[in-house]
Each structure stands twice: as structure tokens, then as C-alpha cells.
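Novice: Count along the sequence shown from 1, then add 177; that gives the number in our numbering. Let me begin by handing over the structure; questions about it come next.
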Amino acid sequence: MAKKKKFRDKFDSPEEWHFSLWLDQLKEAGYILEYQAHPEPFPLFEGLNHNYIDDKEKNKTESILQSHSYGADFLIVWDGPMLFHKTLNSVKRLGTGNKSLNTLISQCEGIHDEDLLTHVSYVEIKPSFDKHNMTRIARAHQQWVYAKYGTFVNIVTPTKHFEKTFTPDRYFYTDMKGSTNTRTLKYKSVLTMDEFIQSKHKLNEREDQSF
Numbered sequence: 178m179a180k181k182k183k184f185r186d187k188f189d190s191p192e193e194w195h196f197s198l199w200l201d202q203l204k205e206a207g208y209i210l211e212y213q214a215h216p217e218p219f220p221l222f223e224g225l226n227h228n229y230i231d232d233k234e235k236n237k238t239e240s241i242l243q244s245h246s247y248g249a250d251f252l253i254v255w256d257g258p259m260l261f262h263k264t265l266n267s268v269k270r271l272g273t274g275n276k277s278l279n280t281l282i283s284q285c286e287g288i289h290d291e292d293l294l295t296h297v298s299y300v301e302i303k304p305s306f307d308k309h310n311m312t313r314i315a316r317a318h319q320q321w322v323y324a325k326y327g328t329f330v331n332i333v334t335p336t337k338h339f340e341k342t343f344t345p346d347r348y349f350y351t352d353m354k355g356s357t358n359t360r361t362l363k364y365k366s367v368l369t370m371d372e373f374i375q376s377k378h379k380l381n382e383r384e385d386q387s388f
């Protein structure tokens, strides 16, 4: 008998699944057209081979450096008002690292049609406690991908992002499938999606009035 799959098998970590809850709610509300988990990776280095002649005067090839690519955890295709993302051309502050604002950085790409551009965001997920300091490697990839392709990758810790935006409805409950047990949230600012959207609209109105 085939082993029954777990409900989040397509994700590599609980944190990825938690972030997908945020995406699912925005998709249902019309702010996201679609998203992909583990999209096509970015080739970064094609590898280095060395051609030589062996003792029998035969042509041989040996690998000196292996090829290397980078794969983001999510590709988001946005739709509707830009309440949850901004472009690098924005006249408003974006914020980075620990000072990041309640938004993701997006850019225009032709996902399904090169002539039809849409706003997209690439995201890499990192846990709240980075035991092996993998964020350092993620930031190196972030710089490398942008230098080679001009594509920005957002590095996101879900709980920090939830605190700065909204907590997905499903995340209020523990991870077990169908759970009705409430989760203990370890961050202070807890808003629903509707509450966050309302606060964003009010903030945008104040900013518009200040110009």
C-alpha cells in the first residue's frame, strides 16, 4: 500500500507551508493571481572543466568546479492593488533586513507571455531561529542573482512578516490537519487581513494628503 502523503508534502519546511497560508488568503482575496512553490532555478555558474591528454594519449575531461544554480522557494504573480508589494522604482522607502517594511519587492516580468508584463516577487523562506546561519548564504545568493539577472529575491521569515502584515486565518490554529487548537503566537502585532488592508488604506490616504 502506498504511503499516505502529508498535507504539506510539496513544501520543504513548516515555515514554507506557513507562508503559503498567507499567499492562499491573498489569492482568494484577489491580490495574487497565482504563485509557484519552488519555481525554475536560476543557473549561476556553468561549471569548470579541464581537457587533458592521458598517458595513452586519449582526450579526457575532468571536472574542476561543479555547476551551481539557485532556486527560490516561491514565485508570486501579483494582481489588483499594490498593497503588499512595491517596485524598486517606488518613490517611497522600501526598507531592508531588520528594518524591512510591511511589503515585498516586486518587478515586472513576462511570466507566461514576454509581451505581457506583470508584477512578480521571488521569495526565499528562512526560520525564526537560523541555527546554521543559512541566511548568510541566502544573502550571497540574493546578491548573485540580482547581479546576474537583475532579479530581486525577498528573504522572508514568516512570523516576522505576519507581524508586519497580517496573520493568516489558518495560522491561528496549530499545524495538525483539521486542527481546532489555537496556536500561541509569539509576536505582538496580530492583525487579520481585513484589519491590515484597512490600516494600509488609511496610511495611503494620509501620505497622499501630505504631498
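By construction, the Cβ of each residue, glycine as well, lies at the ideal position given by its N, Cα and C atoms.
How should F373 be labelled, buried or exposed, when 16 other C-beta atoms within 10 angstroms of its C-beta is the threshold for buried?
Specialist: Burial call: buried.
Novice: Check this for me: beta carbons of S298 and I253, under 9 Å apart or not?
Specialist: In this structure, I253 lies closer than 9 Å to S298 by Cβ.
Novice: On the criterion of 16 or more Cβ atoms from any shown chain inside 10 Å, does T280 qualify as buried, or is it exposed?
Specialist: With 16 or more Cβ atoms within 10 Å of its Cβ, T280 is classed as buried.
Novice: Could you give the uninterrupted runs of the beta strand (DSSP E) lying entirely in the region 206–256, keeping only those of 3 residues or more?
Specialist: Taking only runs of at least 3 residues, the beta strand (DSSP E) segments lying wholly in the region 206–256 are 209–214, 219–222, 225–230, 236–242, 245–247 and 251–255.
Novice: Quick check on the DSSP output: the beta strand (DSSP E) that includes V297 runs from which residue to which?
Specialist: Here the beta strand (DSSP E) through V297 covers T295 to I302.
Novice: Along the chain, where does the beta strand (DSSP E) that runs through V333 open and close?
Specialist: Segment V330 to V333, the beta strand (DSSP E) holding V333.
Novice: Between the beta-carbon of V322 and the beta-carbon of L221, is there less than 9 Å?
Specialist: A contact, by the Cβ cut-off of 9 Å.
Novice: Which residues mark the beginning and the end of the beta strand (DSSP E) in which T361 is found?
Specialist: T361 -> no beta strand (DSSP E), and no H or E assigned at all.
Novice: Does the structure place the region 194–209 close enough to the region 222–238 that three or more beta carbon pairs sit under 8 Å?
Specialist: Cβ pair count under 8 Å is below three, so no.
Novice: Who are the Cβ neighbours of K181 in its own chain at under 6 Å, not counting the five residues just before and after it?
Specialist: Low per-residue confidence applies at K181: pLDDT is 48, beneath 50, and the placement is therefore not dependable, though the value from the model is reported in the following sentence. The answer is none, since no qualifying residue turns up.
Novice: Measuring CB to CB, does E340 end up less than 9 Å from S376?
Specialist: Cβ distance not < 9 Å, so E340 and S376 don't count as in contact.
Novice: Looking at T334: is its Cβ nearer than 9 Å to the Cβ of L362?
Specialist: No. Outside cutoff.
Novice: Per DSSP, Y350 is paired with what?
Specialist: Bridge partners of Y350: T359.
Novice: For a test of the three-state rule: what should DSSP assign to T336, helix, strand or coil?
Specialist: Looking at T336 - three-state DSSP - the assignment turns out to be helix.
Novice: With a CB to CB cut of under 7 Å and the five nearest residues on each side skipped, what residues in its chain are close to G257?
Specialist: Only G207 and Y208 meet the Cβ criterion.
Novice: With DSSP collapsed to three states, give me the class of L203.
Specialist: Note: L203 maps to helix in three-state DSSP.
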